[in-house]
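In what follows, a structure is listed as structure tokens, so that the remarks can point back to it.
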Amino acid sequence: MLTDHRAYATIPAADMARAKTWYRDKLGLTPAMEDDMGCMYKVGGGTSFLLYPTPNAGKAPNTLLSFTTDDVEAEVRDLRQHGVMFEDYDMPGLKTVDGIATMGKFHAAWFKDSEGNILAVGDEPN
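Sequential numbering from 10 applies to the sequence shown in this note's numbering.
Below you can see the structure in the form of structure tokens.
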């Protein structure tokens, strides 16, 4: 039924002005569209995500959005130069070293946006 439909992530923001500034300054993103419902960001490969206002931001304990890359280490270095702080994890099955986890042939690193939402950068499983 939904197999051929495009999909997009929705990211909550308690303070839209703060969040928009963070996404611009830390990730280099500007909204492609903006209205009272929020900001739509267009990213690679025709994908997008919606940043929308709500008091419920930062409450999800899981990753809300992952950006894919061919070089996780280089992406982490670049994001750090823009002030992004990476999370460290040490739990069964997941341990980060210098912010990056190796899970078999895949690598990923997690960070929080200005609203406390968990985002990631990693290899694209395909």
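The beta-carbon is built from N, C-alpha and C at its ideal position, and this holds for glycine as well.
Contact under 8 angstroms by Cβ, residue i with residue j
i, j, result
"Phe58", "Ala18", "yes"
"Trp119", "Glu96", "yes"
"Glu124", "Ala41", "no"
"Val85", "Val130", "yes"
"Ile20", "Leu88", "no"
"Tyr98", "Ala117", "no"
Residue i (DSSP reduced to helix, strand or coil)
i, result
"Val106", "strand"
"Gly47", "strand"
"Ala23", "coil"
"Ala118", "strand"
Outcome for residue i when other beta-carbon atoms lying within 10 angstroms are tallied against a minimum of 16
i, result
"Val122", "The residue you asked about is not Val; residue 122 is Asp in the sequence shown. It counts as buried."
"Val106", "exposed"
"Gly54", "exposed"
"Thr78", "buried"
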